[in-house]
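**Student:** Shown below is the structure under consideration.
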DNA sequence: ACAAATATGCCATTTTATGTCACATATTAG
DNA sequence: CTAATATGTGACATAAAATGGCATATTTGT
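Given below as structure tokens:
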């Protein structure tokens, strides 16, 4: 086999692309008999693909127009980004294009392994949504650097001490050691809430002003939420 | 067959859930010989699944940890919502969790049929992103009604005349006939830009104030963009 | 009425999948 | 170093599944 598997994949792709195919055409294209194509279609239907067939002259076979736009294969970090993006968008309550994303979210969550689900829950419990900011994202610094994103996916929050280069509002760049505890979105600006290693006090850093970040293996101190009350006040947790 | 297909699906799901399985366990669970599982794994590898194997004592088989967190099967309207949501989020430039969504977008677009791709392009060409609004979404009216969303997916823009019940700021509810041409997001509020059938002039309606909408089969007049210049000014198209 | 399309059943034949056994190779515990 | 567990691979007989061909029913447009 494996021949049949391949054919089934091809058939599905083909039916998605083209609107209406006759069994005869399909048989010729795949070099098998019409009977075989009929059986393949049966199998695909059995597996849940909504294949419509128009009988009679001028008829043919097609996939239900509103069905599965293919399958998305997501890597872990893609899935996390997608899930968090949807949840943030939901929280930000601009609902027109969110109506049908509930099922997407459910599918995403269901497909995580328990271990990953836990990791994501912890990440979410460290994300805060605040009021919309009056400031704009700095032009020229519109994206936080790659490294920040990578650190987020690697369990950035509550685990790793980071060495960063930070650009103050007046333009001066300084080096700092921080222990990040929370991410805060005051749309459109993301902040990192962290213990400043030098001053040993909670501080808030704009993600778009972090020029570089690097993990350091200095130990991380777990701190209770209360330690951050002063900077967290007035913001809501994502979960 | 179909037995093997099912087994392959189960195997993939299982390897995603559990970190490490021995071939012996898998064989026992599926009631086949170890040799068969080995062959199944070969086939899965051939199909592109990144299956790692640790040989030797304590070894086993697992899926690459960062690989496909399941497959998403999306219906058309889910895929559209997802795509538009991502693009809107990108345009709104709050980038922390958008870093890895480029590939998701590409997969989505690639999986649309040409016809659907065209439909989506047209929808996108009718979406405008404006400046962030100072107002909030009306509480109690936070979601536009189901019907508005449905109409969007059915080719709402530029095709259908709608009868709506609209709630003015002072609370008064009136009936109107509109021909919708554009959707405008002034975050967090969505607007419909339409020809008001009674006054025959362009007008802007807040989506969260549309209480009900219904298609009417009265003819729709295609109008050039210039007709809406007065209300479109200062807003940018999504595409 | 006729032609073109799907849908379904049956059976002989061909192809594929499976189990079994043997052996190679890699890793870890002791 | 050795024994114990793992995966990986090849060969071969056999069970199972896929295939093709044919007959037939059914739907639909001309």
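Protein chains in written order, with our numbering: chain Y, 2 to 240; chain E, 2 to 240. Note that the Cβ used here is the ideal one computed from N, Cα and C, for glycine as well. Here the structure is a predicted model, which is why all the values come from computation and not from measurement.
1) Which value, in whole angstroms, describes the spacing of the CA atoms of residue 141 of chain E and residue 210 of chain E?
2) Given that residue 104 of chain E touches chain Y, what residues does it touch there, using C-beta distances under 7 Å?
3) What residues in its chain sit with their C-beta under 6 Å from that of residue 200 of chain E, if we drop five residues either side in the sequence?
4) Helix, strand or coil for residue 232 of chain E per DSSP?
5) Of all Cβ atoms in chain E, is any one closer than 7 Å to the Cβ of residue 197 of chain Y?
6) Are the Cβ atoms of residue 84 of chain E and residue 109 of chain E separated by less than 7 Å?
7) If you check the beta carbons only, do residue 236 of chain E and residue 185 of chain E fall under 7 Å apart?
8) What are the residues in the region 82 to 98 of chain E lying within 8 Å of chain Y by C-beta distance?
9) Just grab the DSSP bridge partners of residue 200 of chain Y for me.
10) Quick one, are the C-beta atoms of residue 195 of chain Y and residue 178 of chain Y less than 7 Å apart?
11) Would you list, in sequence order, the uninterrupted beta strand (DSSP E) runs of no fewer than 3 residues that lie entirely inside the region 18 to 82 of chain E?
12) At what residues does the alpha helix (DSSP H) containing residue 107 of chain Y begin and finish?
13) Helix or strand or just coil, what does DSSP make of residue 162 of chain E?
14) Please state the DSSP three-state secondary structure of residue 237 of chain Y.
15) Less than 6 Å separating the Cβ of residue 122 of chain Y from some heavy atom of the ligand SAH?
16) Hey, is the region 75 to 83 of chain Y in contact with the region 51 to 58 of chain Y, meaning 3+ C-beta pairs nearer than 8 Å?
17) Tell me whether residue 227 of chain E sits in a helix, a strand or coil according to DSSP, three-state version.
18) Which residue or residues does DSSP assign as beta-bridge partners of residue 255 of chain E?
19) Alpha carbon to alpha carbon, what distance is there between residue 75 of chain Y and residue 100 of chain E?
20) Residue 4 of chain E: which of E:88, E:24, E:32, E:21 sits nearest, CA to CA?
21) Spell out whether any CB of chain Y is found under 7 Å from the CB atom of residue 73 of chain E.
22) State yes or no: is the beta carbon of residue 108 of chain E nearer than 7 Å to at least one beta carbon in chain Y?
23) Beta-carbon of residue 44 of chain E versus every beta-carbon of chain Y: anything under 7 Å?
24) Could you have a look at residue 207 of chain E and say whether DSSP puts it in helix, strand or coil?
25) Please tell me whether residue 61 of chain E and residue 21 of chain E are closer than 7 Å, where the distance is taken between their beta carbons.
26) Rounded to the nearest angstrom, what separates residue 86 of chain E and residue 193 of chain Y at their Cα positions?
27) Determine the direct distance from the alpha carbon of residue 191 of chain Y to that of residue 97 of chain E, and round the result to whole angstroms.
28) If I'm right that residue 182 of chain E touches residue 229 of chain E with Cβ under 8 Å, what's the distance once you round it to whole angstroms?
29) Which same chain residues end up closer than 6 Å to residue 49 of chain Y when comparing Cβ atoms and leaving out the 5 residues on each side of it in sequence?
30) Is the CB-CB distance between residue 245 of chain E and residue 204 of chain E below 7 Å?
31) Can you name the residues that DSSP bridges to residue 13 of chain Y?
32) According to the Cβ coordinates, are residue 52 of chain E and residue 42 of chain E closer than 7 Å?
33) What does the alpha-carbon distance come out to for the pair residue 132 of chain Y and residue 233 of chain Y?
34) Cutting at 8 Å between CB atoms, please list the residues of its own chain near residue 11 of chain Y, excluding the five before and the five after it.
35) Roughly how many angstroms separate the alpha carbons of residue 65 of chain Y and residue 25 of chain E, rounded to a whole number?
36) Can you pull the DSSP bridge partners for residue 195 of chain Y?
**Tutor:** Concretely, from the data shown:
1) Within the second chain, residue 141 of chain E is the residue found at index 140, counting from 1. Within the second chain, residue 210 of chain E is the residue found at index 209, counting from 1. Note that residue 141 of chain E scores 46 on pLDDT, short of 50, meaning its location in the model is unreliable and no value can be drawn from it.
2) The residue you call residue 104 of chain E lines up with position 103 of the second chain. Chain Y residues near residue 104 of chain E: 79.
3) The count along the second chain starts at 1 and reaches residue 200 of chain E at position 199. For residue 200 of chain E, where only same-chain residues beyond five positions count, there are no Cβ hits under 6 Å.
4) Here residue 232 of chain E refers to the residue found at position 231 of the second chain. If DSSP states are grouped into helix, strand and coil, residue 232 of chain E belongs with the helices.
5) Locating residue 197 of chain Y in the first chain gives position 196, counting from the first residue. Taking Cβ atoms only, chain E never reaches closer than 7 Å to residue 197 of chain Y, which makes this a no.
6) Translated into positions along the second chain, residue 84 of chain E becomes position 83. Translated into positions along the second chain, residue 109 of chain E becomes position 108. Result yes, Cβ atoms of residue 84 of chain E and residue 109 of chain E sit closer than 7 Å.
7) Locating residue 236 of chain E in the second chain gives position 235, where the first residue counts as 1. Locating residue 185 of chain E in the second chain gives position 184, where the first residue counts as 1. Contact: yes.
8) Residues 82, 83, 85, 86, 87, 89, 90, 93, 94, 95, 96, 97, 98.
9) Against the first chain, residue 200 of chain Y aligns to sequence position 199. Its beta-bridge partners do not exist; DSSP assigns none.
10) Along the first chain, read from residue 1 onward, the residue named residue 195 of chain Y stands at position 194. Along the first chain, read from residue 1 onward, the residue named residue 178 of chain Y stands at position 177. Going by C-beta atoms, residue 195 of chain Y is not nearer than 7 Å to residue 178 of chain Y.
11) Qualifying beta strand (DSSP E) stretches, in chain order: 52 to 55, 61 to 64, 72 to 74.
12) The residue given as residue 107 of chain Y occupies position 106 in the first chain. Per DSSP, residue 107 of chain Y belongs to the alpha helix (DSSP H) from 102 to 112.
13) As a working note, residue 162 of chain E is residue 161 in the second chain. In the structure shown, residue 162 of chain E sits in a strand (DSSP, three-state: E or B).
14) Here the question's residue 237 of chain Y lines up with position 236 in the first chain. Strand.
15) As for the ligand SAH, it is missing from this structure, which has no ligand bound.
16) Judged by Cβ distances under 8 Å, the region 75 to 83 of chain Y makes no contact with the region 51 to 58 of chain Y, as fewer than three pairs qualify.
17) If you number the second chain from 1, residue 227 of chain E lands on position 226. Secondary structure at residue 227 of chain E: helix, using DSSP grouped into helix, strand and coil.
18) Outside the modelled stretch of chain E, which goes from 2 to 240, sits residue 255 of chain E, for which no answer is possible.
19) Translated into the one-based positions of the second chain, residue 100 of chain E becomes position 99. Translated into the one-based positions of the first chain, residue 75 of chain Y becomes position 74. About 14 Å.
20) Along the second chain, one-based indexing puts residue 4 of chain E at 3. Answer by Cα proximity: E:32.
21) Here the question's residue 73 of chain E lines up with position 72 in the second chain. Interface annotation, residue 73 of chain E: in contact with chain Y, CB-CB separation under 7 Å.
22) Here residue 108 of chain E refers to the residue found at position 107 of the second chain. Judged by the 7 Å Cβ criterion, residue 108 of chain E is in contact with chain Y.
23) Here the question's residue 44 of chain E lines up with position 43 in the second chain. Cβ-Cβ to chain Y under 7 Å: yes for residue 44 of chain E.
24) Residue numbering aside, residue 207 of chain E sits at position 206 when the second chain is read from its first letter. In the structure shown, residue 207 of chain E sits in a strand (DSSP, three-state: E or B).
25) Working through the second chain from its first residue, we reach residue 61 of chain E at position 60. Working through the second chain from its first residue, we reach residue 21 of chain E at position 20. Inclusion of residue 61 of chain E and residue 21 of chain E in the CB contact set at 7 Å is warranted, their separation being smaller than that value.
26) Your numbering for residue 86 of chain E matches position 85 in the second chain. Your numbering for residue 193 of chain Y matches position 192 in the first chain. If you take the alpha carbons of residue 86 of chain E and residue 193 of chain Y, they lie about 25 Å apart.
27) Taking the second chain and counting its residues from 1, the one referred to as residue 97 of chain E is at position 96. Taking the first chain and counting its residues from 1, the one referred to as residue 191 of chain Y is at position 190. C-alpha separation (whole angstroms): 7 Å.
28) Start at 1 with the first residue of the second chain, and residue 182 of chain E comes out as number 181. Start at 1 with the first residue of the second chain, and residue 229 of chain E comes out as number 228. Contact between residue 182 of chain E and residue 229 of chain E holds, since their C-beta atoms are separated by about 6 Å, short of 8 Å.
29) If you number the first chain from 1, residue 49 of chain Y lands on position 48. For residue 49 of chain Y, where only same-chain residues beyond five positions count, there are no Cβ hits under 6 Å.
30) Chain E is shown from 2 up to 240; residue 245 of chain E falls before or after that span and cannot be answered.
31) Here residue 13 of chain Y refers to the residue found at position 12 of the first chain. Residue pairing from DSSP leaves residue 13 of chain Y without any beta-bridge partner.
32) Looking up residue 52 of chain E in the second chain gives position 51. Looking up residue 42 of chain E in the second chain gives position 41. Yes; because the gap between Cβ atoms is below 7 Å, this pair is in contact.
33) Taking the first residue of the first chain as 1, we reach residue 132 of chain Y at position 131. Taking the first residue of the first chain as 1, we reach residue 233 of chain Y at position 232. When rounded, the separation of the alpha-carbon atoms in residue 132 of chain Y and residue 233 of chain Y is 12 Å.
34) Position 10 of the first chain, counting from 1, holds the residue named residue 11 of chain Y. The answer, listed in chain order, is 31.
35) If you number the first chain from 1, residue 65 of chain Y lands on position 64. If you number the second chain from 1, residue 25 of chain E lands on position 24. So the two alpha carbons sit approximately 41 Å from each other.
36) Position 194 of the first chain, counted from the start, is the residue given in the question as residue 195 of chain Y. Paired residue(s): Y:181, Y:204.
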